[in-house]
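S.K.:
Residue numbers (the working numbering): 283 to 526.
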């Protein structure tokens with residue numbers, strides 16, 4: 283009987299969320315309020331709400347309560363790796379933590395060969411991505427040969443999409459390759475994302491090349507799971523582009 287009540291409460295609350303009756307950010311009634319509303323014990327309500335948390339529909343904040351989670355946009359991995367795709371990105375904003383010109387040998391990420399000499403200058407851009415609730419969800423690092431983007435640091439870097447900038451300035455970007463692998467956060471990375479060391483993340487690494495085969499950019503990102511579900515979708519029509 284208790285399990286049936288738990289299922290019914292969870293189903294009712296899930297319906298309110300999926301229908302839009304409770305939009306993202308809505309405060310979920312307290313366990314005491316739900317218990318009175320349904321005439322059940324606090325244990326039953328806890329089980330129902332915890333299931334919604336595990337589904338990613340509800341988030342809990344200490345001393346604040348439970349709230350309907352923000353909608354999470356999905357991202358096509360094929361589109362993310364495609365140099366013709368300049369966005370859209372996850373909603374939110376960037377905080378720039380490092381933007382400078384340094385020798386290639388000192389860059390935090392290596393440009394894919396054939397790239398630039400160790401003494402050649404590169405632009406290094408580090409940013410932290412915040413979601414709409416101002417929570418850090420990703421770190422980003424871009425390394426670009428200075429010769430390809432000598433005025434990049436004069437741009438508004440908070441909203442800059444590097445591929446779009448290169449295309450806009452006439453750089454002949456041609457091909458990219460994306461790697462995605464799981465790993466865990468180290469100390470400094472964990473501090474940037476406000477998570478404990480050892481927290482699982484997705485490590486995204488993209489290499490971009492010019493039409494003549496030279497390296498145009500290396501981009502790396504550490505993305506918290508749940509920030510953006512990934513999927514792969516492509517047209518099977520003959521002659522279609524892989525990310526169509």
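We treat Cβ as the ideally placed atom computed from N, Cα and C, and that holds for glycine.
The alpha helix (DSSP H) that contains residue 310, what's its start and end?
M.R.: Looking at the DSSP string, residue 310 is not in any alpha helix (DSSP H), and its letter there is neither H nor E.
S.K.: Run through DSSP, which three-state label would residue 437 get?
M.R.: Coil.
S.K.: Could you tell me the alpha carbon to alpha carbon distance between residue 415 and residue 374, rounded to whole angstroms?
M.R.: Those two C-alpha atoms are separated by around 8 Å.
S.K.: Does the distance from the CB of residue 444 to the CB of residue 499 come in under 8 Å?
M.R.: Going by C-beta atoms, residue 444 is nearer than 8 Å to residue 499.
S.K.: Could you tell me whether the segment 488–506 touches the segment 433–440, where touching means 3 or more Cβ pairs closer than 8 Å?
M.R.: The answer is no - the segment 433–440 does not touch the segment 488–506, with fewer than three Cβ pairs under 8 Å.
S.K.: Pull up the CB-CB distance for residue 400 and residue 418, whole angstroms please, since I reckon it's below 8 Å.
M.R.: About 32 Å separates the two Cβ atoms, so there is no contact after all.
S.K.: Which whole-angstrom value describes the C-beta separation of residue 440 and residue 378, a residue pair presumed to lie in contact below a C-beta threshold of 8 Å?
M.R.: The pair is a contact, with the Cβ atoms about 6 Å apart (cut-off 8 Å).
S.K.: Would you say residue 296 and residue 334 are within 8 Å of each other, going by their C-beta atoms?
M.R.: Taking 8 Å as the Cβ cut-off, residue 296 and residue 334 qualify as a contacting pair.
S.K.: Does residue 295 come out as helix, strand or coil in the three-state DSSP assignment?
M.R.: Note: residue 295 maps to helix in three-state DSSP.
S.K.: Can you list, in chain order, the residues of its chain with a C-beta nearer than 7 Å to that of residue 342? Leave out the 5 residues immediately preceding and following it.
M.R.: 335, 348, listed in sequence order.
S.K.: Going by the beta-carbon positions, is the gap between residue 466 and residue 480 smaller than 8 Å?
M.R.: Their beta carbons are under 8 Å apart, which means residue 466 touches residue 480 by this criterion.
S.K.: Whole angstroms are fine: how far does the CA of residue 458 sit from the CA of residue 476?
M.R.: Computed Cα separation, rounded: 31 Å.
S.K.: Beta-carbon separation of residue 338 and residue 508 under 8 Å?
M.R.: Taking 8 Å as the Cβ cut-off, residue 338 and residue 508 qualify as a contacting pair.
S.K.: Hey, how far is the Cα of residue 503 from the Cα of residue 422?
M.R.: Cα-Cα distance, rounded: 4 Å.
S.K.: Can the beta-carbon of residue 389 be found closer than 8 Å to that of residue 425?
M.R.: Cβ atoms of residue 389 and residue 425: closer than 8 Å.
S.K.: Taking the DSSP output, what are the residues bridged to residue 348?
M.R.: Answer by DSSP bridge pairing, in chain order: 342.
S.K.: Leaving out the 5 sequence neighbours to the left and right, which residues in its chain are closer than 8 Å to residue 447 when beta-carbon positions are compared?
M.R.: Result list for residue 447: 431, 434, 437, in chain order.
S.K.: Identify the residues that DSSP records as bridge partners of residue 411: which are they?
M.R.: The partner list for residue 411 (beta bridge, DSSP) reads 376, 420.
S.K.: Does residue 411 pass the burial test, meaning 16 or more other C-beta atoms within 10 Å, or should it be called exposed?
M.R.: So residue 411 counts as buried.
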